[in-house]
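Chains as they are written, first to last, in the numbering used here: chain A, 85 to 399; chain B, 3 to 487.
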């Protein structure tokens, strides 16, 4: 397990240092920060539009990051020949692959968390009638300290404790802001949606890792992106097929089979209740649990297939 | 050590079957019920990239961006461009309440001619949009209320419909929703928050009472005011909600309740309830003859001058004037069948003409210039024959006039045009005149003033009620005798 974790840690470090990923993340965060300038609508409509827009930005940015992060994962290791050094040690190929995947997931989680924090912060500042100056200032200071100290302290145990305390402080300050601005319910809705996006992106990362065991980065980018697009359109397509009385039973069966095989990304699009909070869905929490379970099952399938292929690959 | 693929196969199959079952049988049905895009969506107006994004799980994002664009069109006054936007946004995200509410208000109120008369052909699509919104957002009072408002304020007729929608809206009571949500397992804070945003505000419940009144159900209005008053007092006593808001609401209801009791007494409503038939001594007796007459002359190409008499001195009378195709589909006396079903279509028949205006009475006369020449799309005048209708319903009259006319017109009469058939349970004034396209366009026999294009009721006498005092509005009591001519 320690082998997997150390590979994962290294992968996170690599991901955080990759400029392309940071640029994508920065663009995403920039969009989130400027989104409130759309302040020409009625207050409630403005909130609705802002939520829809910002959640969309998080979803798109996360998907691009997941793709860019995973398509180069194995090919880069082979190209730079670092894989030989690692595999010459007592590291199993499956451990390497799972470590790389978990690292990618960890980096994705970090980036989604950063975007979500930014969103919550921007939203709280925008929505609150009375700006709670103290918690907002504390939030900014903690965030800056966390970003500044992460690279310096991450290798020391005491440093890691400091980082953990700062991260905890960030969460607590966010909770304080939520309480002070009366936005705790909305914060919780954002959190749930972001969590589902995270599961969705974990699934996409698994698709990317699976394809990276046998496809070149460019081919992988289009393959994984294609699967994401098809998987995101699937429910809509399936609905259309189910309602089309003229379609032959064979064609319908083929669509159903395809629906069972291709990972369904559209099921994770649950942001509507966050964007329009008036509606209340009974059993929503169970749905989130089911989605998580589905994600874990499919990710397991992809990783097992990836391990089998990677195991037999000439490296 | 290589992984044994053969040994992994059963596990893979198991996982595969598990995920397929989970997705098809557990997740998809729930998602389809609560999160799916509308299956009747017609998104053909979207560009390919918008369509792809919208279908690929970014519906709310595209809907938001389109609505921002629609807002820019509002500012530019480009109202026609907003209609397809409203439709697409409501299809992409039917949970956006403000798009429905703003959309239906925009459609019903904003399409006007040069004289700010609304295009009544758009009322039916506005109603259909409101009904659709209410149907798809059954957890909130809002679109029931908004649809009721269109009936109550914009259509200002068929008040039973306003009552229906306001009653539906009033069912979304804070206490009921809170109890339901608690029963569903929500904690107090969340149940309170959801009940606040979905429940009808206390002050808005009051509007049902005037809707009852206009629908002729005085007792229901009185009882509603009474129950709302008790409820408001209870809320103040138990310190529920904002005390300032609650006190204001209580005072408003109390004032309205007092008024209705006084009016019921003065208008003989209590006597009628007791079964008395002699109304002598009550304000509504004897019925006041309004002396309606009208003349319409075409003074220029597509320009009408509507003049007439209405023997009521106090200011506040507005007589509905309609000019429509003689064979207008769905026309009813004094209006039309406003609710044309559930299908939302913003396309109106470009060949139909339906003009509705108000004739404002001052010093017992009215005079209104109606110019049809500048709004060809609203008034295409493609038919040969037209009907002009004049309709006065005392139920929509202001209170000081109703004090004489009564709740249902029992204190009003007219020697020539009193009608108790076209609106059940009401005494209204209704007159109809016919006019031709040649007259309106001053063509054929009416070209270059060869023949005067004038139609009038037989009793129209321009010398009647000439004793007024110009712009000075006299407000004598209407309580008994008609004013001397």
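The beta-carbon is built from N, C-alpha and C at its ideal position, and this holds for glycine as well.
Please read these numbers as outputs of a predicted model, since none were measured by experiment.
Take residue i as the anchor and find which of the options has the nearest alpha-carbon.
{"i": "residue 196 of chain A", "options": "A:166, A:170, A:141 and A:178", "result": "A:141"}
{"i": "residue 150 of chain B", "options": "B:133, B:365 and B:460", "result": "B:133"}
{"i": "residue 173 of chain B", "options": "B:196, B:143, B:193 and B:370", "result": "B:143"}
{"i": "residue 191 of chain A", "options": "A:93, A:335, A:370 and A:313", "result": "A:93"}
{"i": "residue 157 of chain A", "options": "A:248, A:134, A:293 and A:324", "result": "A:293"}
{"i": "residue 426 of chain B", "options": "B:345, B:162, B:435 and B:291", "result": "B:162"}
{"i": "residue 320 of chain A", "options": "B:52, B:452, B:38 and B:5", "result": "B:38"}
{"i": "residue 22 of chain B", "options": "A:346, A:371, A:398 and A:391", "result": "A:346"}
{"i": "residue 305 of chain B", "options": "B:243, B:155, B:371 and B:64", "result": "B:371"}
{"i": "residue 60 of chain B", "options": "A:389, A:351 and A:377", "result": "A:351"}
{"i": "residue 435 of chain B", "options": "B:367, B:336, B:383 and B:363", "result": "B:336"}
{"i": "residue 57 of chain B", "options": "B:166, B:117, B:373 and B:93", "result": "B:93"}
{"i": "residue 156 of chain B", "options": "B:101, B:79, B:376 and B:119", "result": "B:119"}
{"i": "residue 450 of chain B", "options": "B:302, B:80 and B:404", "result": "B:302"}
{"i": "residue 131 of chain B", "options": "B:105, B:153 and B:112", "result": "B:105"}
Compare the beta carbon distance of residue i and residue j with 8 Å and say whether it is the shorter of the two.
{"i": "residue 411 of chain B", "j": "residue 430 of chain B", "result": "yes"}
{"i": "residue 213 of chain B", "j": "residue 171 of chain B", "result": "no"}
{"i": "residue 386 of chain B", "j": "residue 438 of chain B", "result": "yes"}
{"i": "residue 405 of chain A", "j": "residue 290 of chain A", "result": "Residue coverage of chain A in this structure runs from 85 to 399, which leaves residue 405 of chain A outside it and unanswerable."}
{"i": "residue 297 of chain A", "j": "residue 383 of chain A", "result": "no"}
{"i": "residue 99 of chain B", "j": "residue 139 of chain B", "result": "yes"}
{"i": "residue 129 of chain B", "j": "residue 329 of chain B", "result": "no"}
{"i": "residue 409 of chain B", "j": "residue 215 of chain B", "result": "yes"}
{"i": "residue 176 of chain B", "j": "residue 310 of chain B", "result": "no"}
{"i": "residue 186 of chain B", "j": "residue 366 of chain A", "result": "yes"}
{"i": "residue 318 of chain B", "j": "residue 402 of chain B", "result": "yes"}
{"i": "residue 180 of chain A", "j": "residue 91 of chain A", "result": "yes"}
{"i": "residue 328 of chain A", "j": "residue 25 of chain B", "result": "no"}
Taking the continuous beta strand (DSSP E) assigned at residue i, which residues delimit it?
{"i": "residue 243 of chain B", "result": "No beta strand (DSSP E) contains residue 243 of chain B, which DSSP labels as neither H nor E."}
{"i": "residue 321 of chain B", "result": "320-327"}
{"i": "residue 433 of chain B", "result": "430-438"}
{"i": "residue 361 of chain B", "result": "356-362"}
{"i": "residue 444 of chain B", "result": "Counting along the chain, residue 444 of chain B falls outside any beta strand (DSSP E), and DSSP gives it neither H nor E."}
{"i": "residue 370 of chain B", "result": "367-373"}
{"i": "residue 85 of chain A", "result": "Looking at the DSSP string, residue 85 of chain A is not in any beta strand (DSSP E), and its letter there is neither H nor E."}
Could you list which residues in chain A have their beta carbon closer than 7 Å to that of residue i, in chain order?
{"i": "residue 37 of chain B", "result": "353, 354 and 356"}
{"i": "residue 441 of chain B", "result": "Within 7 Å Cβ-Cβ: nothing; residue 441 of chain B doesn't reach chain A, min ~46 Å."}
{"i": "residue 33 of chain B", "result": "319 and 351"}
What residues from chain A crowd round residue i, counting only those whose CB sits closer than 8 Å?
{"i": "residue 58 of chain B", "result": "313, 316, 317 and 350"}
{"i": "residue 261 of chain B", "result": "Per Cβ cutoff of 8 Å: no residues; residue 261 of chain B is ~33 Å from chain A at best."}
{"i": "residue 80 of chain B", "result": "The contacting residues do not exist; residue 80 of chain B stays about 15 Å from chain A at best."}
{"i": "residue 195 of chain B", "result": "269"}
{"i": "residue 106 of chain B", "result": "Here the premise fails: no neighbours, minimum Cβ distance about 14 Å."}
Residue i versus chain B: which residues are under 7 Å apart at the beta carbon?
{"i": "residue 381 of chain A", "result": "17, 20, 21 and 24"}
{"i": "residue 293 of chain A", "result": "By Cβ distance, chain B contributes nothing, its closest Cβ being about 15 Å from residue 293 of chain A, past 7 Å."}
Could you please give the first and the last residue of the uninterrupted alpha helix (DSSP H) stretch that includes residue i?
{"i": "residue 63 of chain B", "result": "61-78"}
{"i": "residue 171 of chain A", "result": "166-171"}
{"i": "residue 296 of chain A", "result": "268-296"}
{"i": "residue 297 of chain B", "result": "Where residue 297 of chain B is concerned, there is no enclosing alpha helix (DSSP H), although the beta strand (DSSP E) it sits in stretches over 295-302."}
{"i": "residue 283 of chain B", "result": "Note, residue 283 of chain B: premise wrong, no alpha helix (DSSP H); not H, not E."}
{"i": "residue 255 of chain A", "result": "241-265"}
{"i": "residue 373 of chain A", "result": "368-396"}
{"i": "residue 34 of chain B", "result": "30-36"}
{"i": "residue 309 of chain A", "result": "301-327"}
Determine the chain B residues that contact residue i at a beta-carbon separation under 9 Å, and present them in chain order.
{"i": "residue 137 of chain A", "result": "62, 63, 66, 67 and 70"}
{"i": "residue 304 of chain A", "result": "Under the 9 Å cutoff, chain B gives no residues; its nearest Cβ is about 20 Å from residue 304 of chain A."}
{"i": "residue 328 of chain A", "result": "What residue 328 of chain A touches in chain B: nothing, since even the nearest Cβ is about 11 Å away."}
Please indicate yes or no: does the CB of residue i lie closer than 7 Å to some heavy atom of the ligand NAP?
{"i": "residue 343 of chain A", "result": "The model depicted lacks the ligand NAP and carries no ligand whatsoever."}
Can you pull the chain A residues whose beta carbon is under 9 Å from the beta carbon of residue i, in chain order?
{"i": "residue 489 of chain B", "result": "This structure leaves residue 489 of chain B out entirely; chain B is present only between 3 and 487."}
{"i": "residue 177 of chain B", "result": "Result: empty, since nearest Cβ-Cβ is about 16 Å, beyond 9 Å."}
{"i": "residue 189 of chain B", "result": "Simply none; closest approach about 11 Å."}
Can you name the residues of chain D whose CB is closer than 9 Å to the CB of residue i?
{"i": "residue 343 of chain A", "result": "Absent from the structure is chain D; the protein chains it does hold are A and B."}
Do the region 320-330 of chain B and the region 341-359 of chain B make contact, defined as three or more Cβ pairs closer than 8 Å? With a cut-off of 8 Å, the region 341-359 of chain B and the region 320-330 of chain B count as touching, because enough Cβ pairs lie within range.
Quick check: the region 129-146 of chain A against the region 98-105 of chain A, are at least 3 beta-carbon pairs closer than 8 Å? no
Is the region 275-295 of chain A touching the region 175-192 of chain A in the sense that three or more CB pairs, one from each, lie closer than 8 Å? yes
Does the contact criterion of 3 or more C-beta pairs under 8 Å hold for the region 121-128 of chain B versus the region 344-354 of chain B? yes
Just checking, does the region 243-259 of chain A make contact with the region 295-315 of chain A on the three C-beta pairs under 8 Å criterion? no
If we count Cβ pairs, one from each stretch, closer than 8 Å, do we get three or more for the region 305-317 of chain A versus the region 11-29 of chain B? no
When you compare the region 414-425 of chain B with the region 284-300 of chain B, are there three or more beta-carbon pairs, one atom per stretch, that lie closer than 8 Å? yes
Does the region 166-174 of chain A come into contact with the region 263-274 of chain A, if we say contact requires no fewer than three beta-carbon pairs (one atom in each stretch) closer than 8 Å? no
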